[in-house]
């Protein structure tokens, strides 16, 4: 019995040992290596060219507004430019005096003394564009005074900037509607453009404010002649000739009005007065010669059409001289 049990145990141990050897043998056989899966390598970064070395950054210089009146210079306020301008004026160097006055205006943009000197000297040397800019600056500083605007409008008129002259004159009217010179400028601008109805209206406004405004009367008479309103023109020009007996072109205008109304003898006398007042006034002499041989009330030729003319400019004369004369 024991022998059978012992035999069974030995057999069992042999079977167990055989299974273990088989398992160990399998485990000792070479196995394929597992290759781990990895993500594809990232693309190489793009090649960027190195930036050129940057220059040192400097602050931009502040923009200085252009000054059409002041003259740029470096000495600041160390020199009395107005005193130098006065000295140069006495020496007759008007261009140099103007330059010094402009330097003073550059140092102090709101210095009315400097601006007034620039205005006066620019008028003497004939720099009308500079004068326009200067009067504009003065008008900005003297906000309630119509005078600098009126003066500016007159200069614009002489430059034939008629639209701008009218605009500036209206600004003057907004400041002082009782000043007839603003309406005079507007009338002259319209007259220069051949706008007779507007010119006549403006000159009548002048006369309503100043009935003895001889230049406005002359201009109104000229406009009426061009509009063929001869009878009214004669009445107006008669009064203008009384107020301005020293102006040859006013006497000439009166002669044209008299001639158109058939008053030939009176026209002769008016033309003769115009020729005496201004011997170089060619068209007045032509008119006088044309009617001198007429002994009757009829002329061989019809009166010539009126045309405008600038009277001689006297730099010492007050502004506002009529810009229209009839031949």
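In our numbering, the protein residues as written are 1293 to 1619.
Ideal Cβ positions, reconstructed from N, Cα and C, are used throughout, including at glycine.
Report the rounded CA-to-CA distance for residue i versus residue j, giving the unit in angstroms.
{"i": "residue 1549", "j": "residue 1522", "result": "6 Å"}
{"i": "residue 1480", "j": "residue 1367", "result": "44 Å"}
{"i": "residue 1444", "j": "residue 1423", "result": "8 Å"}
{"i": "residue 1390", "j": "residue 1415", "result": "10 Å"}
{"i": "residue 1554", "j": "residue 1482", "result": "29 Å"}
{"i": "residue 1449", "j": "residue 1392", "result": "28 Å"}
{"i": "residue 1471", "j": "residue 1515", "result": "21 Å"}
{"i": "residue 1376", "j": "residue 1499", "result": "44 Å"}
{"i": "residue 1513", "j": "residue 1437", "result": "30 Å"}
{"i": "residue 1371", "j": "residue 1394", "result": "13 Å"}
{"i": "residue 1362", "j": "residue 1545", "result": "44 Å"}
{"i": "residue 1529", "j": "residue 1490", "result": "19 Å"}
{"i": "residue 1426", "j": "residue 1558", "result": "47 Å"}
{"i": "residue 1428", "j": "residue 1580", "result": "45 Å"}
{"i": "residue 1447", "j": "residue 1477", "result": "10 Å"}
{"i": "residue 1412", "j": "residue 1365", "result": "21 Å"}
{"i": "residue 1396", "j": "residue 1576", "result": "47 Å"}
{"i": "residue 1401", "j": "residue 1556", "result": "59 Å"}
{"i": "residue 1586", "j": "residue 1492", "result": "33 Å"}
{"i": "residue 1461", "j": "residue 1455", "result": "10 Å"}
{"i": "residue 1520", "j": "residue 1526", "result": "11 Å"}
DSSP on residue i, reduced to helix/strand/coil?
{"i": "residue 1471", "result": "coil"}
{"i": "residue 1376", "result": "helix"}
{"i": "residue 1400", "result": "coil"}
{"i": "residue 1411", "result": "helix"}
{"i": "residue 1383", "result": "coil"}
{"i": "residue 1244", "result": "As displayed, the chain neither begins before 1293 nor continues past 1619, which places residue 1244 out of reach and without an answer."}
{"i": "residue 1538", "result": "coil"}
{"i": "residue 1370", "result": "coil"}
{"i": "residue 1418", "result": "coil"}
{"i": "residue 1395", "result": "helix"}
In the stretch 1485-1522, which residue ranges form an unbroken alpha helix (DSSP H) of at least 4 residues, counting only runs that do not cross its ends?
1488-1501 and 1506-1518
Where in the stretch 1420-1456 do unbroken runs of the beta strand (DSSP E), each at least 3 residues long, occur, reported from the N-terminal end onward?
none
Ordered list of alpha helix (DSSP H) runs contained in the stretch 1543-1591, each at least 4 residues:
Those alpha helix (DSSP H) runs which fall completely within the stretch 1543-1591 and span 4+ residues are 1556-1569 and 1574-1584.
Can you find at least 3 beta carbon pairs, one from the stretch 1533-1544 and one from the stretch 1562-1572, that sit closer than 8 Å?
yes
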